[in-house]
Each structure stands twice: as structure tokens, then as C-alpha cells.
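K.L.:
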Amino acid sequence: MLYIYLLPMILFHAIKCITRIPTKKNDELFKYSVLACLICLLTIKAEAFCGEKTSLSATDGRVVVLHPVVAKTEELSIILWIREDLTEIATIQYLNESAEIQNNGGDKVNTSRDGSLTINNFTMEDQGTYIVVIKRLNQSDCKHMYDVSMSEKSPCGDMKDIAGREEEEITLPLDVNRKQLKIVYWFLPRGDLLAKTKPGGYIQPQSDYDRRLKTLPDGSLTIMKLTIKDQGIYVANVHMYSGRSCLQMYNVTISSIIPERAKTKTVNLFSYEEQKVDLPLPKHLVDQVEDVFWMKDYSKHITTTFKNGSLHVLDSRYQGRLYSTSNGSLIIHDLRIEDRGKYSADIHLINKELYTQIYHLSIYSKLVMFVFLKIGKKLSKNVCHMLSVDREIAY
């Protein structure tokens, strides 16, 4: 803790150096004074790191990065990462200007040249103490401990499955009252901050995504121009005005664009409110089906059907209204106006090929059906009357 007592003195000299008025005579002295002050501050920060302990919390399934603090002026020999039971995780050995990295943690950890340790897919088993030992030339060893525990932050709800297609867009929805929502921090699968959103349309995206992100009035996030690299587990850190916060996780899967040879012509279907509609699979494929991913408007994965007639409903709006035939075709019961639109069936065949069938579903209100029935009855009466007249004439 020596740096706490030295810090006021260091700051005094730093300010003195920076506020010195440079002239031709003392210009060089000014530059060296500022440089010396900065180096001194960096060294103090690095020394403060040694012997201390950092407590961190991590979310299940996320990436955790542990950064050691090393002064630029330090000559390093070895950086060693170990667990509390002295199990060696990784070693970085510095030779001249090169670094030789030995990773003993397999795919679970990654180590970089600057000595950082990355823990992938953090789980309960990864909790505990991580120790970094920095061996320096002509100086004593520096040791720092990281106490990493599982985050106690409660989830906002169950993980949401979101499916999309390359070059299309998806929306990561929020199930939080808009009036209670203060701010949302969105994180990429690799753990980096993606954007900040607030209700009313406020969004602060990171520079790499500024042209691909937009937000809805309720603070939900939309990712546009999707690529395969966008898939993974996204996390929304949701903060309310009440001071409560929670985490919402999204499992995002992205389908690649299907080649033209694997597509069929769009099937146009229509039905009425509270009626049902069949979405049939192509007849020449029904004997080869393994399973079918059914999508609404290319982005919402509503259900998966299987060749044995079973299905797994993913969208709560369709719960209790979807049925499957023995070949994997889909039947939607109790239709609603909002069910209309584009549907697509990603048909996975037994031979591992992928086929896509597109449907355009139109749904008319019950009033329209009533009018059609009335017109139909009138037409049928007129036809019957004409037939009876023809019959009399024929007689």
C-alpha cells in the first residue's frame, strides 16, 4: 500500500512538470520531466498490483478475461498462471523480444502475449482463485490473486431462442415494462459490449456495428445484415429505475443462404380467422424428411417438426395451436390475423441435404367469410332457379 502515501508527491511533481512553461532553453528538460512523471506513475500502479487481490463475478457460459498489470519499463522473464491448488494453467516465457506460450488448459483457456488469461464458457466448476506470478529481471517476483465467482444476478427470464438467416435481421426482445426500464447493456457472445439502449429509441452502438444496429421504442435490439459469425449467446444486462437489475440471455442461430437449386416456388395459401390451414411439404421429399425448422418472416423460429409426427413449439404465441402430420407437415389451428405473412420450412433430409419451402399465408377476417357465404348462397339459389327454368323449357 506504499503507493497511497507516495501518490500525492508524485502528482505534485507531475503537475509541476506539466505546468512548466516550455522555452527553447528548457524545452528538452520539460519533455523529459513529463516522461519521467508518467513512467513513475505507471511503475507505482504496477507495484500496487503486486500482493493485492481482485474479486470478480462472472455469468454462466460467458468469457472471463484476467489482465495482469505490468509497467512498460519492466523487463519480464516469465508470467505464470496457476490455480489455488497450484495446478499450472499457462506459462508465457519472454526471450529477448519474443514470447513463448505454453497452454496447459486445453480449449478452456487462451493466453495472449501480454500475459492475459481468457477463460472460455465460464461454469460453476471454474469458480475459485486464479494466481498470476510475474517474474521480473533484477526485481522480486510479483504475485496477484483473482477471486472469480459465479454472478448472483438473477435472470430476467428463460433463455430465448432466436433464429435468423444471413443478410436478414433479427430482434432481441425485452419482456420488461417500458416505464420501469432505465438502460440496457448488450454484450456479444465473446463478452465485448455491443451497445447501450434506452426506451424511446436511444442507442449507443459500438463502432464496428453502428450501421447494423437499431432499437425499438421498448429498448429491444435489432441486428441487421446478419452473418454466420453473429450467432452465439448474447446477454442483455437490464437495469430498472427501482435499482433492480437482471440478465436476459439469447441463443442466436443463423442459417446460411440456401442455394437456388434447394429452393422451390412460393406456395400461396389462404384461410379465415379461427379456422385452420395446412402447410404441406413437397410430395417428393416427404419420405426423406429428418426434421423441419419452421420460420415466420425468415427470423422467428416458431417450431420444429419431426418425421414421426411430433413437434417442439418455440414461440409462445403458437402454443396449443400447432400440430404436425406424420411426414413433418405443419397445421396451424385457431388462426389469427397476425398469423398472416411469410413462412419458410428448412427441411433437413436424411442424407444431410437442406431444402427450403416458402409459403405466403393470407388470412381473412370472419366478416369477409360471412359475406362470401352470403354471396355463395345467393349464387347457388340463382343457379338452382336457372336450372329449374331450363328444365321446364326442356320439358
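As numbered in mature numbering (1 follows the signal peptide of the UniProt record, and there is no 0), residues -17 to -1, 1 to 378 make up the sequence shown, in order.
Just so it is clear, CB atoms sit at the ideal spot from N, CA and C, and this is done for glycine as well.
Here the structure is a predicted model, which means the values were calculated and not measured.
Tell me which residues share the same chain as Trp169 and place their Cβ nearer than 6 Å to its Cβ, disregarding the 5 neighbours each side in the sequence.
P.N.:
The residues are Leu177, Ala178, Leu204, Ala219.
K.L.:
Do Ile341 and Ile320 have their C-beta atoms within less than 8 Å of each other?
P.N.:
Taking 8 Å as the Cβ cut-off, Ile341 and Ile320 do not qualify as a contacting pair.
K.L.:
To the nearest angstrom, report how far apart Ile27 and Ile65 are at their CA atoms.
P.N.:
Because Ile27 sits at a pLDDT of 46, beneath the cut-off of 50, its placement in the model cannot be relied upon, and the following sentence gives the value as read from the coordinates. Taking the straight line joining both Cα atoms gives about 25 Å.
K.L.:
Determine the direct distance from the alpha carbon of Gly226 to that of Gln163, and round the result to whole angstroms.
P.N.:
Their backbone Cα atoms lie some 10 Å apart in a straight line.
K.L.:
If you drop the 5 nearest sequence neighbours on each side, which residues of the same chain put their C-beta closer than 6 Å to that of Gln214?
P.N.:
Result list for Gln214: Val235, Thr236, Ile237, in chain order.
K.L.:
Closest to Ser293 by C-alpha separation, out of Leu100, Ile333, Ile117, Ile314, would be which residue?
P.N.:
Comparing Cα positions, the closest option is Ile314.
K.L.:
Going by the CB atoms, is the gap between Ile102 and Val116 shorter than 8 Å?
P.N.:
Cβ distance not < 8 Å, so Val116 and Ile102 don't count as in contact.
K.L.:
Residues in its own chain within less than 7 Å of Glu257 by CB, not counting five upstream and five downstream?
P.N.:
Hits under 7 Å: Asp317, Leu318, Lys349.
K.L.:
Taking the C-alpha atoms as reference points, what is the distance between Val296 and Leu63?
P.N.:
If you take the alpha carbons of Val296 and Leu63, they lie about 49 Å apart.
K.L.:
Is Ser312 closer than 8 Å to Leu344 when the C-beta atoms are compared?
P.N.:
Result no, Cβ atoms of Leu344 and Ser312 do not sit closer than 8 Å.
K.L.:
Of the choices Asp141, Tyr185, Ile166, whose alpha-carbon is the least far from that of Ile216?
P.N.:
Nearest C-alpha to Ile216: Asp141.
K.L.:
Span of the beta strand (DSSP E) holding Asp274?
P.N.:
272 to 279 is the span of the beta strand (DSSP E), which, as asked, contains Asp274.
K.L.:
Any idea which residues DSSP pairs Pro200 with across the strands?
P.N.:
None; Pro200 has no bridge partner.
K.L.:
Considering only residues of the same chain and omitting the five flanking positions on each side of Lys126, which have a CB-CB separation below 8 Å?
P.N.:
Cys33, Gly34, Ile114, Val115, Val116, Ile117.
K.L.:
Please state whether DSSP places Tyr301 in a helix, a strand or coil.
P.N.:
It is helical.
K.L.:
Whose C-alpha, out of Gln189, Val275, Val167, Thr288, is nearest the C-alpha of Ser228?
P.N.:
The shortest Cα separation from Ser228 among Gln189, Val275, Val167, Thr288 belongs to Val167.
K.L.:
Which class does Ile333 belong to by DSSP, given the choice of helix, strand or coil?
P.N.:
Three-state DSSP puts Ile333 in coil, outside helix and strand.
K.L.:
Suppose contacts are defined by Cβ-Cβ distances below 8 Å. Is residue 411 in contact with Ala73 by that definition?
P.N.:
Any question about residue 411 goes unanswered here, given that the chain covers just -17 to 378.
K.L.:
Kindly identify the DSSP beta-bridge partner or partners of Leu171.
P.N.:
In DSSP, Leu171 forms no bridge with anything.
K.L.:
Can you tell me which of the three DSSP states Tyr192 falls into?
P.N.:
Helix at Tyr192.
K.L.:
Would you tell me roughly how many angstroms separate the C-alpha atoms of His222 and Ile186, rounded to the nearest one?
P.N.:
Their backbone Cα atoms lie some 15 Å apart in a straight line.
K.L.:
Considering only residues of the same chain and omitting the five flanking positions on each side of Glu71, which have a CB-CB separation below 8 Å?
P.N.:
These residues qualify, in order along the chain: Leu63, Trp64, Ile65, Asn87.
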